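Below: one structure, written as structure tokens.
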Ligand code: GLA
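In this note's numbering, the protein residues as written are 48 to 443.
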């Protein structure tokens, strides 16, 4: 082939590739994982650094006995503080007092329950609790995680100094791939460098916000956010999410006692409408039946896990009353009527708000009351409690 022809072909190849990338066709990490948002439990929100082998085993047992496994929860993830040091060869060392049997035995235990095992580390030199970070040890750590049987890695962004986020997370992505074990890669740089713009082919999910607080409406200086602040932050990012690559509005606070049951139901509903990863963050060993019923509502979870993988978004807002909608694989819509005000109020979703012509008749089902509401034409209204949602599935 003469040189001109070769250059021409290369140029054509690049142009095709560029148009595919532009069309979003190639923008997904090709590890085949998290085709629907990952579901599981993570130790941080409730237990912080108070993690141990016993706690993790009991959480795995509870995930099965509570019905959470049946409802789709899989990953049992130890967050910060499991690690204490590196040995003379640079291998990461788990806390031998808290995890006397070691990580491999713990992973085996979690796997024996039909569940998957996850760990936490950090792209900088130290974790957020100043345990050893992954920087410079990415390939060694990934090999170790794979040998232990890790299925999920949450990777934080403390102590990163002048590191570039995309470059740093890409090294760990490559290291996980090289390890040969399929490992869900969860990026946690808090939305600080707009990961939705670059992370679809780096991680399976990326935090889009600061840390969640166990509060409905609050912000704090260090960046923690309540439920409504998180909703306002992730709305608008819906075009970046899809199978294998999700916006992560942070883990669930359902059951941690800082909100009312109505607020927890709304928090859970909205995370499902957002196609958010569903990582429970409460003490699932001792939750009340009300909390368990929220976390295991299969019809609401089906909205989160819908195979089309669309993130829902806000289609209408006025005076603290909002309508959010999510397109579903069967052509239906999940609709959440959200009341952010201090008093009960009537909220109406018009068909034109949610993407249907006015004249269409559609079946409406209330996903919390678990009740068919009959056929509606043009719109659907309901009385929504303060800080609550009414969530329905609309099927034309
Ligand atoms: C950061 C993360 C949290 C949690 C803690 C652990 O704040 O955003 O989700 O992992 O670190 O130290």
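Beta carbons: idealized from backbone N, C-alpha and C, even for Gly. Please read all numbers here as calculations on a predicted model, not as lab measurements.
- Message: Can you confirm whether the region 355-375 touches the region 325-334 when touching is taken to mean that 3 or more C-beta pairs between the two stretches lie within less than 8 Å?
- Response: no
- Message: Which residue wins for smallest C-alpha separation from residue 113, given the options 335, 317 and 171?
- Response: Numbered from its first residue, the chain shown carries residue 113 at position 66. When only C-alpha atoms are compared, the closest one is 335.
- Check: residue 176 C-beta below 7 Å from any heavy atom of ligand 1: Here residue 176 refers to the residue found at position 129 of the chain shown. Checking every heavy atom of ligand 1 against the Cβ of residue 176, one is found closer than 7 Å.
- Item | Backbone CA spacing between residue 399 and residue 362 [nearest angstrom] | Working through the chain shown from its first residue, we reach residue 399 at position 352. Working through the chain shown from its first residue, we reach residue 362 at position 315. So the two alpha carbons sit approximately 10 Å from each other.
- Message: Can you look up residue 230 in the DSSP assignment and give me helix, strand or coil?
- Response: The count along the chain shown starts at 1 and reaches residue 230 at position 183. Residue 230 falls in the coil class under three-state DSSP.
- Task: Put residue 286 into one of helix, strand or coil per three-state DSSP.
- Result: The residue labelled residue 286 in the question sits at position 239 within the chain shown. Looking at residue 286 - three-state DSSP - the assignment turns out to be helix.
- Message: Beta-carbon within less than 8 Å of residue 72's beta-carbon, same chain only, minus the 5 sequence neighbours each way: which residues are those?
- Response: By 1-based counting over the chain shown, the position of residue 72 is 25. Note that residue 72 has pLDDT 46, beneath the 50 cutoff, so the model's placement of it is unreliable and no number is given.
- Spatial distance of residue 292 from residue 97 (CA atoms): Locating residue 292 in the chain shown gives position 245, where the first residue counts as 1. Locating residue 97 in the chain shown gives position 50, where the first residue counts as 1. Each residue's alpha carbon lies about 30 Å from the other.
- Query: With respect to 7 Å, is the separation between the Cβ of residue 13 and the closest non-hydrogen atom of ligand 1 below this value?
  - Reply: Outside the modelled stretch of the chain, which goes from 48 to 443, sits residue 13, for which no answer is possible.
- Candidates 390, 378 and 364, of which the one nearest residue 384 by Cα: Translated into the one-based positions of the chain shown, residue 384 becomes position 337. For residue 384, the nearest C-alpha among the options comes from 364.
- Query: Within the present structure, is the beta-carbon of residue 319 separated from the nearest heavy atom of ligand 1 by less than 7 Å?
  - Reply: The count along the chain shown starts at 1 and reaches residue 319 at position 272. For ligand 1, not one heavy atom lies less than 7 Å from the Cβ of residue 319.
- Message: Looking at residue 197: is its Cβ nearer than 8 Å to the Cβ of residue 154?
- Response: Walking along the chain shown from the start, residue 197 turns up at place 150. Walking along the chain shown from the start, residue 154 turns up at place 107. Contact: yes.
- Message: With a threshold of 7 Å on Cβ separation, who are the neighbours of residue 70 within its own chain once the five nearest residues in sequence on each side are excluded?
- Response: Reading the chain shown from its first residue, position 23 is the one you call residue 70. Note on residue 70: pLDDT 45, under 50, position unreliable in the model; the coordinate value appears next. Same-chain partners within the cutoff: there are none.
- Query: Got a sec, what are the start and stop residues for the alpha helix (DSSP H) residue 92 sits in?
  - Reply: As a first step, residue 92 is located in the chain shown; it is residue number 45 there, counting from the start. Unbroken alpha helix (DSSP H) run through residue 92: 91-94.
- Taking buried to mean at least 16 other C-beta atoms within 10 Å of its own C-beta, is residue 424 buried or exposed? Within the chain shown, residue 424 is the residue found at index 377, counting from 1. The residue in question, residue 424, is exposed, as its Cβ has fewer than 16 Cβ neighbours within 10 Å.
- Query: In three-state terms, what does DSSP make of residue 70?
  - Reply: The residue labelled residue 70 in the question sits at position 23 within the chain shown. Unreliable placement is indicated for residue 70, whose pLDDT of 45 sits below 50; the coordinate value is still reported in the next sentence. DSSP places residue 70 outside both helix and strand once states are collapsed to three, so it counts as coil.
- Query: Run through DSSP, which three-state label would residue 377 get?
  - Reply: Taking the first residue of the chain shown as position 1, residue 377 is located at position 330. If DSSP states are grouped into helix, strand and coil, residue 377 belongs with coil.
- Enumerate in chain order the residues of its own chain whose CB-to-CB distance from residue 278 is below 7 Å, with the five nearest sequence positions on each side excluded. Taking the chain shown and counting its residues from 1, one reaches residue 278 at position 231. 317, listed in sequence order.
- Query: DSSP puts residue 406 in a beta bridge; with which residues?
  - Reply: Position 359 of the chain shown, counted from the first residue, corresponds to residue 406. Looking at the DSSP output, residue 406 shares a beta bridge with no other residue.
- Message: Can you tell me whether residue 435 is helix, strand or coil according to DSSP?
- Response: On the chain shown, residue 435 is found 388 positions in, with the first residue counted as 1. The answer is strand: DSSP assigns residue 435 an E or B state.
- Alpha carbon to alpha carbon, how far is residue 180 from residue 272? What you label residue 180 is simply residue 133 of the chain shown in a count that begins at 1. What you label residue 272 is simply residue 225 of the chain shown in a count that begins at 1. Using only the alpha carbons, I get a separation of about 25 Å.
- Task: Please work out which residues of its chain come closer than 7 Å, Cβ to Cβ, to residue 93, disregarding the five sequence neighbours upstream and downstream, and give them in chain order.
- Result: Here residue 93 refers to the residue found at position 46 when the chain shown is read from its first residue. Contacts found: 303, 328, 329 and 330.
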